[in-house]
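To keep things clear, I will list the structure first and then write my remarks on it.
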Ligand SMILES: Nc1nc2c(c(=O)[nH]1)N[C@H]1C(S)=C(S)[C@@H](COP(=O)(O)O)O[C@H]1N2
Ligand SMILES: [Mo]
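Numbering (my numbering), first residue to last: 155 to 316.
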């Protein structure tokens with residue numbers, strides 16, 4: 155049986171697939187930790203680790219070109235060009251000493267600050283996937299079910315509000 159304390163899997167075009175618990179995320183090198191996300195974006199709270207730090211641990215292959223963020227809890231997936239986010243994206247995973255609450259997108263939330271408006275470009279606000287449990291690195295674009303028009307987008311937000 156899979157260890158229930160594992161929050162995040164990293165697989166695909168990597169030399170070292172990962173299965174990370176809250177403890178593992180907390181123990182990542184201090185240079186890759188962002189203690190207070192609100193310092194970089196006043197809309198957001200919590201503590202994070204850089205995507206670059208995770209990719210270095212997983213020894214991502216040079217051939218990798220897409221990153222797919224899977225949230226199995228609510229079946230939401232986004233697949234975006236890796237180069238566009240590898241240096242800027244973070245994974246928010248904590249509130250003080252505890253896991254990031256579900257209401258805030260926890261236990262792990264992918265976050266990019268400089269996103270485009272929803273469904274306008276590959277890197278849009280919708281790509282800020284909440285409840286990410288699997289990061290898959292691939293050669294080509296992977297599964298992506300973000301809304302493609304305003305109506306689908308409105309439906310999704312309505313569902314999330316329920
Ligand atoms: N797992 C999951 N992540 C998701 C979504 C979702 O429905 N499920 N919606 C996306 C959309 S469309 C937007 S605009 C942002 C909204 O983030 P917020 O609720 O923190 O403002 O989350 C994105 N991440
Ligand atoms: Mo969105």
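Ideal placement from N, C-alpha and C gives every residue a C-beta, glycine not left out.
Quick check: is any heavy atom of ligand 3 less than 6 Å from the C-beta of residue i?
i: residue 276; result: Ligands present in the displayed structure are limited to ligand 1 and ligand 2, and ligand 3 is not among them.
Do you know whose CA, among the options, lies nearest residue i's CA?
i: residue 215; options: 272, 168, 268, 261; result: 168
i: residue 239; options: 206, 314, 161; result: 206
i: residue 212; options: 303, 158, 164, 284; result: 164
i: residue 293; options: 156, 241, 166; result: 166
i: residue 190; options: 173, 270, 254; result: 254
Less than 6 Å separating the Cβ of residue i from some heavy atom of ligand 2?
i: residue 279; result: yes
Contact check, residue i vs residue j under 8 Å by CB: the rounded distance?
i: residue 300; j: residue 280; result: 4 Å
i: residue 221; j: residue 204; result: Between residue 204 and residue 221 the Cβ distance is about 13 Å, and since that is not below 8 Å, they are no contact.
i: residue 112; j: residue 291; result: In the structure as shown, the chain begins at 155 and stops at 316. Residue 112 is therefore absent and cannot be evaluated.
Is the beta carbon of residue i sitting closer than 7 Å to the one on residue j?
i: residue 288; j: residue 224; result: yes
i: residue 296; j: residue 246; result: no
i: residue 195; j: residue 267; result: yes
i: residue 232; j: residue 286; result: no
Is the beta carbon of residue i within less than 6 Å of some heavy atom of ligand 1?
i: residue 224; result: no
i: residue 228; result: yes
Query raised in the report: Which runs of the beta strand (DSSP E) spanning at least 3 residues fall entirely within the stretch 186-273, listed in chain order?
Result: DSSP runs (the beta strand (DSSP E)) wholly in the stretch 186-273: 201-204, 220-225, 230-235, 244-249, 263-265.
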